[in-house]
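Student: In this text, residue positions in the sequence shown follow the numbering used here: the first is 226, and each later residue adds one. Note that beta-carbon positions come from the ideal geometry of N, C-alpha and C, so glycine has one too.
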Amino acid sequence: MLKKEINQNLPTQADVSKFEMLEKLLVSIYDEMKEFSKKKPDEILNKFKVKNINRVLEQIKEILKREPTNEFLDLLDEESLPSNSDCILIIGQFNASMKQFRSKYHGWTGIDYTWSTKENPKTFSSI
Numbered sequence: 226m227l228k229k230e231i232n233q234n235l236p237t238q239a240d241v242s243k244f245e246m247l248e249k250l251l252v253s254i255y256d257e258m259k260e261f262s263k264k265k266p267d268e269i270l271n272k273f274k275v276k277n278i279n280r281v282l283e284q285i286k287e288i289l290k291r292e293p294t295n296e297f298l299d300l301l302d303e304e305s306l307p308s309n310s311d312c313i314l315i316i317g318q319f320n321a322s323m324k325q326f327r328s329k330y331h332g333w334t335g336i337d338y339t340w341s342t343k344e345n346p347k348t349f350s351s352i
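(1) Have a look at Asn353 and Trp333 and give me their C-alpha separation to the nearest angstrom.
(2) Give the secondary structure of Gly332 by DSSP, where H, G and I count as helix, E and B as strand, and everything else as coil.
(3) Tell me, which residues are paired with Thr339 by DSSP?
(4) Looking at the unbroken alpha helix (DSSP H) that takes in Leu251, where does it start and where does it end?
(5) Rounded to the nearest angstrom, how far is the Cβ of Ser341 from that of Leu235, given a contact under 8 Å?
(6) In terms of residue numbering, what span does the alpha helix (DSSP H) encompassing Phe297 cover?
(7) Output the distance between the C-alpha atoms of Gln238 and Ile316, rounded to the nearest integer angstrom.
(8) So if DSSP puts Ser308 in a beta bridge, which residue, or which two residues, is it bridged to?
(9) Taking the alpha-carbon positions, what's the Glu304 to Glu296 distance?
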């Protein structure tokens, strides 16, 4: 019974594919916002940027909905418009949660690195 419960918590292959795409987008957003934050940390983001960043963050939250870190992941506030440095803080939390997700469901099987999914559950070995 325990094995069945564990398999229900595994991501689907569709979740993994979406995760990998969103991970690249988040890294790109983080790098761009980090540059803005270095130049003008207190500058306020415009609504267009907040809306576009939130589109990515919302989809990440959906993939991470069963993860314990999800309750700490907030979207950017479109009403009060965050500063560049606030944005970096929020995106950094998403980035850390995604790294934890990857380390939990992606690993070494003894043959190769792969994802453990509902469709293809894997047991990872220590290196």
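Tutor: By the coordinates alone:
(1) Only positions 226 to 352 of the chain appear in the structure, and residue 353 is not among them; the question remains open.
(2) As a first step, residue 332 must be located in the sequence shown, where it is residue number 107. It is a strand residue.
(3) As a position in the sequence shown, residue 339 is number 114, starting the count at 1. Note: Thr339 sits in a beta bridge opposite Gly332.
(4) Residue numbering aside, residue 251 sits at position 26 when the sequence shown is read from its first letter. First-last of the alpha helix (DSSP H) with Leu251: 238 to 264.
(5) Position 116 of the sequence shown holds residue 341. Position 10 of the sequence shown holds residue 235. Confirmed, about 6 Å.
(6) Numbered from its first residue, the sequence shown carries residue 297 at position 72. Premise fails: Phe297 is in no alpha helix (DSSP H) and is neither H nor E.
(7) For the purposes of this step, residue 238 is taken as residue 13 along the sequence shown, with counting starting at 1. For the purposes of this step, residue 316 is taken as residue 91 along the sequence shown, with counting starting at 1. Taking the straight line from one Cα to the other gives about 24 Å.
(8) Taking the first residue of the sequence shown as 1, we reach residue 308 at position 83. Paired residue(s): Ile269.
(9) Residue 304 sits at position 79 when you count from the first residue of the sequence shown. Residue 296 sits at position 71 when you count from the first residue of the sequence shown. Roughly 21 Å separates the two Cα atoms.
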